[in-house]
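Chemist:
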Amino acid sequence: MEVIHNEDPVPYNIGFKPEDKDWMRHALVLAERAEREDDEIPVGAVLVGANGALLSEGSNRNITDHDPTAHAEIVAMRQAGKEVGNHRLVGCTLYVTLEPCAMCAGAIVLARVPRVVWGALDPKAGAAGSVLDVLAEPALNHRPATLGGVLEDECASLLRGFFEGRR
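Just so we're aligned: 114 in numbering that gives the first Met the number 0 is position 115 of the sequence shown, and the numbers increase by one with no gaps anywhere.
(1) Whether or not the region 36 to 44 and the region 80 to 88 are in contact is what I'm after, with contact meaning three or more pairs of Cβ atoms, one per stretch, closer than 8 Å; do they touch?
(2) Report the CB separation of Leu46 from Ala71 in whole angstroms; it is logged as a contact under 8 Å.
(3) Quick one, are the C-beta atoms of Val130 and Met23 less than 8 Å apart?
(4) Starting from Val74 and walking both ways along the alpha helix (DSSP H), at which residues does that stretch end?
(5) Within 10 Å of its beta-carbon, does Glu18 have 16 or more other beta-carbons around it, so buried, or fewer, so exposed?
(6) Which residues bound the alpha helix (DSSP H) around Leu157?
(7) Within 10 angstroms of the Cβ of Thr68, are there 16 or more other Cβ atoms? Answer buried if so, exposed if not.
(8) Under a three-way DSSP split, which group does Val28 fall into?
(9) Whole angstroms are fine: how far does the CA of Asn59 sit from the CA of Ala119?
(10) Whole angstroms are fine: how far does the CA of Gly147 sit from the CA of Asp121?
(11) Could you name the residues of the same chain whose beta carbon sits closer than 6 Å to that of Asn61, not counting the 5 residues immediately before and after it, in chain order?
(12) What is the DSSP secondary structure of Met23, reduced to helix, strand or coil?
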C-alpha cells in the first residue's frame, strides 16, 4: 500500500488527484526506458497540460547528450515550451519520478509550473523539501503546489536497482 507522507522533513502540500498515479506510472516507463536504452540514471518526467492531456515527456539525457542540464524535468519543459510557443507553462502539472534538484526546481519556478508531483525523495540533492526547499521559498515570485511520495516505493526501487548494479 502506498503512503503519501505529510510529516517532516518534507512539507508536502497534499492535493492528491486520482490521475496522479497514472501519470507517475507513465513517468516510470520513461525512466525504465532511459536506463534500458541509454544507460542513463532512470528518471522520467511528464508534463500534463491544463486540459489534462499529455503535453510533453522526458527522461534523463545528460550522459547521452553530454549536457549537465539535460535532466528529465528540463527535457520535458523544453519540449513543452516549444509545443505551446511560450516559456511559461501555466496550467500544467509536472510529474517526475525523483524529487527535483536545485537546477530543476529553479527552472520549474521560472516556467511558472503551478503543480509538481514527484515520486522518490532525493536525500542528497533534493530541492523540494529534503535538502533544500526551493519550490516553497517565500522570497521567490512563484511557488508551485507540490505533492511528493506518489508511487514512492516503485520510483525509489528503480533508482536503487540502478545504483546497486553499478557497485
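Every residue gets a Cβ at the ideal spot worked out from N, C-alpha and C, and that includes glycine.
Modeler: In brief:
(1) no
(2) So it is not a contact: roughly 10 Å between Cβ atoms.
(3) no
(4) Ala71 to Val83
(5) exposed
(6) Glu151 to Glu163
(7) exposed
(8) helix
(9) 15 Å
(10) 11 Å
(11) Pro67 and Ala69
(12) helix
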